[in-house]
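Student:
Residue numbers (our numbering): 28 to 452.
1) Does the separation of the CB atoms of residue 151 and residue 138 fall below 7 Å?
2) Buried or exposed: where does residue 363 fall if 16 or more other Cβ atoms within 10 Å of its Cβ makes it buried?
3) Do residue 221 and residue 374 have their C-beta atoms within less than 7 Å of each other?
4) Between 78, 77 and 101, which lies nearest to residue 291 when the distance is taken from Cα to Cα?
5) Taking the alpha-carbon of residue 149 as reference, which of 351, 322, 360 and 256 has the nearest alpha-carbon?
6) With residue 90 and residue 219 assumed to form a contact (beta carbons below 8 Å), what rounded beta-carbon distance in angstroms separates them?
7) Could you tell me which residues DSSP puts in a beta bridge with residue 381?
8) Name, in chain order, the residues that DSSP records as bridge partners for residue 84.
9) Expressed to the nearest angstrom, what Euclidean distance is found between the alpha-carbon atoms of residue 272 and residue 88?
10) Would you kindly report the start and end of the unbroken beta strand (DSSP E) that includes residue 284?
11) Quickly, what does DSSP pair residue 357 with across the bridge? List them, please.
12) Skipping 5 residues on each side, what residues in its chain have a beta carbon closer than 8 Å to that of residue 448?
13) Between which two residues does the beta strand (DSSP E) holding residue 236 run?
14) What do you reckon, are the CB atoms on residue 200 and residue 259 nearer than 7 Å?
15) Nearest-angstrom Cα distance between residue 13 and residue 209?
16) Can you check whether the CB of residue 212 is closer than 7 Å to the CB of residue 170?
17) What span of residues does the alpha helix (DSSP H) with residue 476 cover, start to end?
Structure below.
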């Protein structure tokens, strides 16, 4: 239950499900209409890139949706790359209590301030009215499966929207975007990033993060007040139109999942999932508001994608150089690998060769070197041969080794000799 609460909190405060514009191409090119999801490995999507070194390391693009919606469409070679890697790194450490605590603190207004004190009165009243509507509707939005897991509407609402009057307006805007019927129905299942983090822990892999909470959080808090009010107002207008039935949802999680499962590596939709911020640019805005929307889009593209790509890429380089004998699996938002100035571009400028790995292509696992055998006090000590000269001693708490009595070793050698003689006859 604690893990579930953390997952809900992380999803509500930082891993915002994308709101991306539907494709403007003709209906015949609409992925929802024409893309058939195949079960053949060679036809599955691939968001895997191989960093060519010995041993190889990997980049894997994730999206912030329940892992059950995409897991069956992730190729086996991507899953094997995860399983065979020694160390798994994420953007943030989603299983660390400090991460959760820091995320919570980052969202709050300065001590003594409340949202009612900082928001225009009309927007505050509309916000309060909308949250009352969501709380009223949530029991009907919940699924039987969620109730079967002990996840109830009051608990979920408090986990996502509790203490909302103490939150900064930008985080309230993101929260409102996550309080839709479709998104509520998906709560209780870990998003793909969190699932991989949990699996890494279960497999006892070394894990880590390339970013600190503050590095993701401060850019969001850096938006100026008038831009935040514009964004919150646009968000409320959209939700009010949806409630009135006068507007169909322009941005859906289903679009994101469809693009991901169909392997659309070129879609701008992933940039919005990565930056965690909705796209406010649309043709209905008057000119001055359109300029504001473009400024917000430009600010977050620079702060939440380009600058982060540069920082993340350099930290990946440092890790690869510090541990040359280890295979890494870096699971970052898919948007960090697409478009311009990607993490891949940063690593390329540092001299690394990174290539896209299609579904069905075998993973080249470099075999471990032969073990080192030593005799200590009449016992044979077998221990793995270290690879390279990286400072890797602190990555594992205990070196894998086995102690075998000398007579057992003699039996083993005799058996091998007999096998060799049999082959020569």
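From the three backbone atoms N, C-alpha and C, an ideal C-beta is built for every residue, glycine too.
Tutor: Quick answer:
1) Residue numbering aside, residue 151 sits at position 124 when the chain shown is read from its first letter. Residue numbering aside, residue 138 sits at position 111 when the chain shown is read from its first letter. For residue 151 and residue 138, no; Cβs fall outside 7 Å.
2) Position 336 of the chain shown holds residue 363. That one is buried.
3) What you label residue 221 is simply residue 194 of the chain shown in a count that begins at 1. What you label residue 374 is simply residue 347 of the chain shown in a count that begins at 1. Cβ distance not < 7 Å, so residue 221 and residue 374 don't count as in contact.
4) In the chain shown, residue 291 corresponds to position 264, counting from 1. Answer by Cα proximity: 101.
5) Translated into positions along the chain shown, residue 149 becomes position 122. Comparing Cα-Cα distances from residue 149 to each of 351, 322, 360 and 256, the minimum goes to 256.
6) Working through the chain shown from its first residue, we reach residue 90 at position 63. Working through the chain shown from its first residue, we reach residue 219 at position 192. Their Cβ separation, rounded to whole angstroms, is 6 Å, which keeps residue 90 and residue 219 in contact under 8 Å.
7) The residue you call residue 381 lines up with position 354 of the chain shown. According to DSSP, residue 381 bridges with 78.
8) Position 57 of the chain shown, counted from the start, is the residue given in the question as residue 84. DSSP, once it has assigned bridges, lists 78 as partnering residue 84.
9) On the chain shown, residue 272 is found 245 positions in, with the first residue counted as 1. On the chain shown, residue 88 is found 61 positions in, with the first residue counted as 1. When rounded, the distance between both Cα atoms is 35 Å.
10) Along the chain shown, read from residue 1 onward, the residue named residue 284 stands at position 257. Run containing residue 284: none in the beta strand (DSSP E); it sits in the alpha helix (DSSP H), 280-288.
11) Residue numbering aside, residue 357 sits at position 330 when the chain shown is read from its first letter. Answer is 86 and 116.
12) Looking up residue 448 in the chain shown gives position 421. Note on residue 448: pLDDT 43, under 50, position unreliable in the model; the coordinate value appears next. None.
13) Residue mapping note: residue 236 aligns to position 209 of the chain shown, counting from 1. Segment 233-236, the beta strand (DSSP E) holding residue 236.
14) In the chain shown, counting from the first residue as 1, residue 200 sits at position 173. In the chain shown, counting from the first residue as 1, residue 259 sits at position 232. In this structure, residue 259 lies closer than 7 Å to residue 200 by Cβ.
15) Residue 13 lies beyond the stretch modelled for the chain, which goes from 28 to 452, so this question has no answer here.
16) The sequence position of residue 170 within the chain shown is 143, counting from 1. The sequence position of residue 212 within the chain shown is 185, counting from 1. Yes.
17) Any question about residue 476 goes unanswered here, given that the chain covers just 28 to 452.
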